[in-house]
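Numbering (the numbering used here), first residue to last: 11 to 229.
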């Protein structure tokens, strides 16, 4: 009886080790390659809304019934067609703007059920709070006025100082450019052959004017 019990235990253990191998054997290389191709075709894109906060609407396209997706927050997306999800700190627990979110793509095929095919990542930018300031409305091209500029490392005083430096630099550059233009024009007319040609033209012009005056007086 005891020997029979031991045989039963051994048989159970052997089955426990063999069953996963058999299951995995069904998920052959060719099928894995096909699933990998399907997963690679999945595309991610998003739109954003900053009217009442920072909300991202993520879109997933090219999904098929053979695969499904799980994000790092536990949200599951399955079924063919386009899927969408609103990501914000209010709708997804743990999500923060500026996050890089991982999306795990699994097999939904019976032969390779729950087989992890690949990971994909989506970078959600962080909203720049300085972009709403009046200074940025007046100078939208300033580097710290871009809507998704990384301004986490600067405070308001640094922002203003950087803006003033940028404005002064731009003003100086513009003034130097104007001075260079006039200097180039002056140097152009200082060239000997230009002076000669210019003098001749001026003399001709004066001659024409004098000739017309004399002709008018004779009449």
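Heads up, the beta-carbon is just placed ideally off N, CA and C, and yes, glycines get one too.
Pairwise C-alpha distance: residue j and residue i
i: residue 110; j: residue 137; result: 14 angstroms
i: residue 42; j: residue 157; result: 42 angstroms
i: residue 217; j: residue 223; result: 10 angstroms
i: residue 139; j: residue 101; result: 21 angstroms
i: residue 123; j: residue 45; result: 11 angstroms
i: residue 210; j: residue 228; result: 27 angstroms
i: residue 162; j: residue 112; result: 23 angstroms
i: residue 167; j: residue 177; result: 15 angstroms
i: residue 52; j: residue 133; result: 16 angstroms
i: residue 60; j: residue 86; result: 26 angstroms
i: residue 186; j: residue 219; result: Note that residue 186 has pLDDT 49, beneath the 50 cutoff, so the model's placement of it is unreliable and the number below is only indicative. Using only the alpha carbons, I get a separation of about 39 angstroms.
i: residue 221; j: residue 207; result: 21 angstroms
Integer Cβ distance of residue i from residue j, believed to fall under 8 angstroms
i: residue 91; j: residue 135; result: The pair is not a contact, with the Cβ atoms about 27 angstroms apart (cut-off 8 angstroms).
i: residue 78; j: residue 116; result: 6 angstroms
i: residue 39; j: residue 66; result: Their Cβ separation, rounded to whole angstroms, is 37 angstroms, which puts residue 39 and residue 66 out of contact at 8 angstroms.
i: residue 121; j: residue 36; result: 5 angstroms
i: residue 64; j: residue 56; result: Not confirmed; about 12 angstroms, so no contact.
Other residues of its chain near residue i: CB distance less than 6 angstroms, five sequence neighbours each side excluded
i: residue 225; result: none
i: residue 119; result: 76
i: residue 74; result: 48 and 90
i: residue 131; result: 110 and 112
Identity of the residue in the options nearest residue i by Cα
i: residue 243; options: 53, 80, 154 and 68; result: Missing from the structure shown is residue 243; the chain here goes from 11 to 229 and no further.
i: residue 104; options: 83, 87, 112 and 119; result: 83
i: residue 144; options: 74, 169, 162 and 112; result: 169
Own chain partners of residue i with C-beta closer than 7 angstroms, once the 5 adjacent residues on each side are dropped
i: residue 106; result: 99
i: residue 49; result: 77, 115, 127 and 128
i: residue 146; result: 140, 152 and 155
Interface flag, residue i vs chain D, CB-CB below 7 angstroms
i: residue 107; result: Among the protein chains of the structure shown there is no chain D, as only one such chain exists.
8 angstroms CB neighbourhood of residue i in its chain, flanking five on each side removed
i: residue 164; result: 154 and 172
i: residue 150; result: none
Are the segment 57-71 and the segment 91-101 touching by the rule of at least three beta carbon pairs closer than 8 angstroms? Counting Cβ pairs under 8 angstroms, three or more are found: they touch.
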